[in-house]
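Report on the structure given below.
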Amino acid sequence: MATSKSLNERRQNLLPNEVSHNKEDIQLVWLDGNMNDSDDYLLTQSMLIELNPAVQFYSHFDRCLDFIKSIKHEQIFLIVSGAFAQQILLQSHHYRSLVAIFIFCYNHQHYKPLMQEYNKIIGIFTDQHNLLQSVKEKMNLVEKQALTFSLFDQKQKSMKDLSQESASFLLHQMLIYILKQMSQDEHSKKQMLDMCRDYYKNNKQELKKIEEFQNTYTCNKAIEWYTHDCFLYKLLNKALRTEDIDLLFTFRFFIIDLCSAIEQENQLLKNRGTLTLYRGTQIPREEFEKIKENIGKTISTNGFLSTSRNINVSLVFIPINSQSNDFTSVLFEIKANPLLKTVIFADVENKSRIQDEEEVLFNINSLFKIVSVWFDPEFNIWKVELNATDEGAEKVEEYLLLSKQQMEELSPLIYFGRLLMKELGQVDRAGKYFNMLLKSLPHDHPDIAAVYNNIGVVHKRRNELNLASKNYEIAYEMRQKQLPSNHPHIAGSLNNIGLIYKEKGDFNTALDYFQQALRVYDTLYPGNNLQKAGTIKNIGIVYKDKEDFDTALTYFFHALEMYKRVLPHQHSEIARCLGSIGYTYEKKGNFDIALDYYQQRLNMDEQCLPFDHSDLSFDLDSIIDTYKKMNEIDKALDLCQQKRLIQKTRLGENHPRIARTLMNMANLIEDDNSNEALKYYKQALSVLDNCTPLDHQVTSQCLTSMSCLYSKSSPTNLANGTSLFLSVEPNNVVISCFILLLLIPATFRNTDHIISIISFLCCVAADSRLTCANESLTYIVKNILNNATKDKNNK
Numbered sequence: 001m002a003t004s005k006s007l008n009e010r011r012q013n014l015l016p017n018e019v020s021h022n023k024e025d026i027q028l029v030w031l032d033g034n035m036n037d038s039d040d041y042l043l044t045q046s047m048l049i050e051l052n053p054a055v056q057f058y059s060h061f062d063r064c065l066d067f068i069k070s071i072k073h074e075q076i077f078l079i080v081s082g083a084f085a086q087q088i089l090l091q092s093h094h095y096r097s098l099v100a101i102f103i104f105c106y107n108h109q110h111y112k113p114l115m116q117e118y119n120k121i122i123g124i125f126t127d128q129h130n131l132l133q134s135v136k137e138k139m140n141l142v143e144k145q146a147l148t149f150s151l152f153d154q155k156q157k158s159m160k161d162l163s164q165e166s167a168s169f170l171l172h173q174m175l176i177y178i179l180k181q182m183s184q185d186e187h188s189k190k191q192m193l194d195m196c197r198d199y200y201k202n203n204k205q206e207l208k209k210i211e212e213f214q215n216t217y218t219c220n221k222a223i224e225w226y227t228h229d230c231f232l233y234k235l236l237n238k239a240l241r242t243e244d245i246d247l248l249f250t251f252r253f254f255i256i257d258l259c260s261a262i263e264q265e266n267q268l269l270k271n272r273g274t275l276t277l278y279r280g281t282q283i284p285r286e287e288f289e290k291i292k293e294n295i296g297k298t299i300s301t302n303g304f305l306s307t308s309r310n311i312n313v314s315l316v317f318i319p320i321n322s323q324s325n326d327f328t329s330v331l332f333e334i335k336a337n338p339l340l341k342t343v344i345f346a347d348v349e350n351k352s353r354i355q356d357e358e359e360v361l362f363n364i365n366s367l368f369k370i371v372s373v374w375f376d377p378e379f380n381i382w383k384v385e386l387n388a389t390d391e392g393a394e395k396v397e398e399y400l401l402l403s404k405q406q407m408e409e410l411s412p413l414i415y416f417g418r419l420l421m422k423e424l425g426q427v428d429r430a431g432k433y434f435n436m437l438l439k440s441l442p443h444d445h446p447d448i449a450a451v452y453n454n455i456g457v458v459h460k461r462r463n464e465l466n467l468a469s470k471n472y473e474i475a476y477e478m479r480q481k482q483l484p485s486n487h488p489h490i491a492g493s494l495n496n497i498g499l500i501y502k503e504k505g506d507f508n509t510a511l512d513y514f515q516q517a518l519r520v521y522d523t524l525y526p527g528n529n530l531q532k533a534g535t536i537k538n539i540g541i542v543y544k545d546k547e548d549f550d551t552a553l554t555y556f557f558h559a560l561e562m563y564k565r566v567l568p569h570q571h572s573e574i575a576r577c578l579g580s581i582g583y584t585y586e587k588k589g590n591f592d593i594a595l596d597y598y599q600q601r602l603n604m605d606e607q608c609l610p611f612d613h614s615d616l617s618f619d620l621d622s623i624i625d626t627y628k629k630m631n632e633i634d635k636a637l638d639l640c641q642q643k644r645l646i647q648k649t650r651l652g653e654n655h656p657r658i659a660r661t662l663m664n665m666a667n668l669i670e671d672d673n674s675n676e677a678l679k680y681y682k683q684a685l686s687v688l689d690n691c692t693p694l695d696h697q698v699t700s701q702c703l704t705s706m707s708c709l710y711s712k713s714s715p716t717n718l719a720n721g722t723s724l725f726l727s728v729e730p731n732n733v734v735i736s737c738f739i740l741l742l743l744i745p746a747t748f749r750n751t752d753h754i755i756s757i758i759s760f761l762c763c764v765a766a767d768s769r770l771t772c773a774n775e776s777l778t779y780i781v782k783n784i785l786n787n788a789t790k791d792k793n794n795k
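Read in this note's numbering, the sequence shown has 7 at position 7, and its numbers run on one by one without any break.
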């Protein structure tokens with residue numbers, strides 16, 4: 001029995017372990033309490049693998065429900081046995097991510113009444129073949145709808161209102177532009193196909209198509225392969241729609257070819273008049289309401305937009321009888337003039353593998369103006385009229401021009417990672433990217449020194465100064481051997497090494513490195529230059545840290561003027577310089593002036609950074625701290641409440657920025673109202689607990705703040721507070737253990753108590769909170785050592 005059970009568990013858990021990340025738009029799940037090793041079950045499993053490599057198999061109801069709750073970026077197709085049907089429908093039917101349910105049972109009539117009650121049930125099946133055929137047909141329909149207008153959260157939406165989200169739109173434009181500048185070679189093709197092979201390793205059909213692509217593909221077949229029902233279509237569209245940076249980089253080989261192919265085909269349309277095109281789909285109800293409220297504004301699509309010249313073809317993709325409260329059936333009618341400069345589209349009917357669809361394909365990041373929205377009673381659907389437009393392209397060109405200038409000094413490979421880190425604020429992803437380059441590029445590649453340099457920047461951002469210094473020195477040594485002494489990359493290395501000395505408090509050495517870098521820049525660029533402005537700002541920061549505030553301000557204002565001459569009017573580097581000026585005035589005690597500069601920084605960052613960028617939280621923190629120093633608590637609280645409402649609208653209920661705002665509110669009132677402050681901290685922790693992935697840094701800050709608040713209490717209140725917290729957060733065992741230690745001041749701790757909690761943490765260290773558990777253990781060990789040292793000194 002043990003052997004059979006072990007085999008059964010191994011088979012059922014095969015896919016969750018091997019394919020941990022779903023790269024497609026649809027997440028397939030099968031829940032059946034009687035799942036076993038019979039030929040019937042194994043055959044069904046293998047057939048489902050062919051449909052979705054990341055399909056999840058569950059025989060345990062609660063685990064399946066937890067998984068469904070955790071899905072944020074895919075649409076779930078659930079196959080459920082009759083025994084679990086009623087229970088799972090009651091508890092999960094309301095989740096928006098669950099879009100299709102298939103009941104697989106022995107008695108069709110017994111479960112038929114459920115179809116009247118739950119509109120997400122696609123059908124009730126007693127035959128394996130009919131079930132799989134229905135799943136496949138529905139998947140094909142949903143995949144075509146998901147390409148363009150799917151939305152599950154702000155980060156994933158495919159339409160962007162440029163007037164409100166111009167920052168994200170512009171960054172996406174820059175991202176695609178940089179990808180298109182990268183070189184194409186066999187290495188990039190192999191990298192793409194290796195990833196696809198690994199993902200589809202259990203899918204014989206897709207592996208066969210991957211092999212065919214490797215052996216027969218040429219650049220003039222890009223459109224043909226994109227319209228083919230295969231791995232390219234599925235993976236690339238989700239990568240574009242969700243802005244999956246890793247996948248987009250992996251697919252750069254094919255993206256470049258497909259964009260070029262559409263541009264070439266577009267030339268054949270120049271002598272034709274304006275086309276009327278159609279797109280039938282379902283979109284989330286709130287995104288539809290947003291379209292209705294923004295008539296006259298410009299929107300964009302993240303990915304390649306497929307349309308048809310035939311309205312009847314587009315109507316096929318609209319489920320007319322759907323009564324979903326979450327989605328709205330929409331027919332988009334698009335007018336497109338082939339003479340537009342920035343909206344590129346092509347008639348691909350003769351190149352498509354799918355016949356009779358009269359398909360016209362738009363290139364990435366095409367722009368459209370919303371003309372009108374109305375309900376058509378004839379078809380019983382909403383119609384949205386769009387006009388393809390060049391409006392808004394000027395701002396795009398301004399930012400792309402900056403990219404072109406910076407890529408004169410940085411290759412596209414390096415600039416891509418810098419964009420991740422600086423503009424998108426994705427430091428961890430940038431670190432992963434640069435380390436990947438370090439492993440994959442030849443040792444004599446011209447970008448290797450820059451890779452080491454940027455790995456150093458990543459470590460610097462994480463405050464890992466020794467690792468940063470090590471990588472900076474490697475880059476500097478390589479550049480000294482390869483480049484002349486007055487090369488801008490030499491100055492860049494000097495600048496970075498100076499930053500390490502500044503962080504370590506060796507201000508004189510830091511100044512020496514910055515001055516060396518500035519001399520190189522002065523020789524190369526007698527006038528204004530972006531890197532030169534950054535070095536001048538760094539010198540100002542050193543003087544600020546030395547508390548020579550007037551000298552610091554002189555350098556900051558010099559840098560600010562230079563930034564304004566070389567950057568667009570709204571830019572994050574200008575915002576950072578404004579923040580440095582504000583901080584210097586704050587240190588001088590000029591809070592009103594500091595507040596003005598902090599507000600300028602926040603306003604600018606909100607215009608030019610993605611709404612989930614971490615810098616926006618720091619900007620708000622600075623304003624709140626200044627209000628607190630001015631004893632204007634009410635103003636600070638009002639600002640927090642305003643920002644919190646906006647954040648919830650833009651980011652959803654659970655996001656680290658919302659938690660940071662709640663923590664600010666708690667910090668403002670904890671001296672006067674500790675109970676209310678504790679309430680805000682708990683709300684923040686609850687928000688963080690529901691963030692995916694968990695933000696360990698902000699979570700640690702929240703726990704530390706709570707510990708400080710509790711440590712002011714008596715031992716009795718401390719125990720009551722601990723009990724209350726654990727009752728509020730019963731499932732978060734790792735954080736609960738961490739809190740137990742944090743809540744108990746050192747004077748009340750005893751060794752047995754600490755050891756018991758360490759033991760418990762070790763038991764749960766394999767949980768999904770592994771990083772947090774390890775951080776907790778590190779904290780505990782440091783605390784024990786510190787207390788032991790103090791005890792020894794006292795004795």
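Yeah, the Cβ is synthetic: ideal placement off N, Cα and C, and Gly gets one too.
{"Asked": "Assigned secondary structure, VAL542 (DSSP; H/G/I helix, E/B strand, else coil)", "Found": "helix"}
{"Asked": "Exposure label - ASP634; buried when at least 16 CB within 10 Å", "Found": "exposed"}
{"Asked": "Cα-Cα separation, ILE354 to TYR118", "Found": "34 Å"}
{"Asked": "Limits of the unbroken beta strand (DSSP E) element including PRO610", "Found": "Taken as a continuous stretch (DSSP letters only), PRO610 belongs to no beta strand (DSSP E), as it is neither H nor E."}
{"Asked": "Of the listed residues PHE317, GLY296, ALA336, nearest to ASN140 (C-alpha basis)", "Found": "PHE317"}
{"Asked": "The ligand ATP heavy atom lying under 7 Å from the CB of ASN631", "Found": "Looking at this structure, you won't find the ligand ATP or any other ligand, since it has none at all."}
{"Asked": "Reduced DSSP secondary structure (H/G/I, E/B, other) of ARG279", "Found": "strand"}
{"Asked": "Buried/exposed call for PRO446, threshold 16 Cβ in 10 Å", "Found": "exposed"}
{"Asked": "Selection from ILE658, SER46, ILE370 that minimises the alpha carbon distance to LYS682", "Found": "ILE658"}
{"Asked": "LYS201 and THR298 closer than 8 Å at C-beta", "Found": "no"}
{"Asked": "Residue from PHE345, ASN486, THR307, SER352 whose Cα sits closest to the Cα of LEU331", "Found": "THR307"}
{"Asked": "The region 54-61 / the region 104-121 touching (three or more Cβ pairs under 8 Å)", "Found": "no"}
{"Asked": "Under the three-state DSSP convention, the category GLN164 falls into", "Found": "Note that GLN164 has pLDDT 40, beneath the 50 cutoff, so the model's placement of it is unreliable and the number below is only indicative. Residue state, collapsed to three classes: helix."}
{"Asked": "Straight-line Cα distance separating LEU518 from ILE784", "Found": "Only weak support exists for where ILE784 lies, its pLDDT of 49 falling under 50; the value from the coordinates is given anyway. Whole-angstrom Cα-Cα distance: 46 Å."}
{"Asked": "Three-state class that DSSP yields for ASN675 in the structure shown", "Found": "helix"}
{"Asked": "Distance, LEU420 Cα to PRO412 Cα", "Found": "12 Å"}
{"Asked": "Limits of the alpha helix (DSSP H) - the one that ILE245 falls within", "Found": "245-250"}
{"Asked": "Straight-line Cα distance separating THR328 from ILE295", "Found": "17 Å"}
{"Asked": "With 16 other Cβ atoms within 10 Å as the buried cut-off, status of PHE375", "Found": "exposed"}
{"Asked": "Min CB distance ARG650 to chain D below 8 Å", "Found": "In the structure shown, chain D cannot be found, because there is only a single protein chain."}
{"Asked": "Sheet register partners of LYS369 (DSSP bridge)", "Found": "THR298, ASN387"}
{"Asked": "Where SER366 falls, given that 16 or more other Cβ within 10 Å makes a residue buried", "Found": "buried"}
{"Asked": "Buried/exposed call for THR799, threshold 16 Cβ in 10 Å", "Found": "In the structure displayed, the chain extends from 1 to 795; residue 799 sits before or after that span and is not available."}
{"Asked": "Inter-residue spacing [alpha-carbon to alpha-carbon] between VAL764 and ASP695", "Found": "With a pLDDT of 43 at VAL764, under the threshold of 50, the modelled position of that residue is not reliable, and the figure given next carries that caveat. Each residue's Cα considered, the two are about 19 Å apart."}
{"Asked": "Alpha-carbon to alpha-carbon, GLY579 and ASN215", "Found": "55 Å"}
{"Asked": "Spatial distance of ALA552 from LEU602 (CA atoms)", "Found": "21 Å"}
{"Asked": "Buried versus exposed, by CB contacts within 10 Å (16 or more), ASP592", "Found": "exposed"}
{"Asked": "Sequence ranges, beta strand (DSSP E) only - wholly within the region 315-363, length at least 3", "Found": "327-336, 345-347, 359-362"}
{"Asked": "Delimiting residues of the alpha helix (DSSP H) encompassing ALA814", "Found": "Nothing can be reported for residue 814, as the shown portion of the chain is limited to 1 through 795."}
{"Asked": "Cα-Cα separation, TYR525 to ASN486", "Found": "11 Å"}
{"Asked": "Burial state of PRO442, where buried means 16 or more other Cβ atoms lie within 10 Å", "Found": "exposed"}
{"Asked": "Three-state secondary structure (DSSP) of ILE71", "Found": "coil"}
{"Asked": "Proximal residues to HIS93 (C-beta, below 7 Å), its chain only, five neighbours per side dropped", "Found": "TYR118, LYS120"}
{"Asked": "Where PRO53 falls, given that 16 or more other Cβ within 10 Å makes a residue buried", "Found": "buried"}
{"Asked": "For TYR58, three-class secondary structure by DSSP", "Found": "strand"}
{"Asked": "Span of the alpha helix (DSSP H) around LEU89", "Found": "82-92"}
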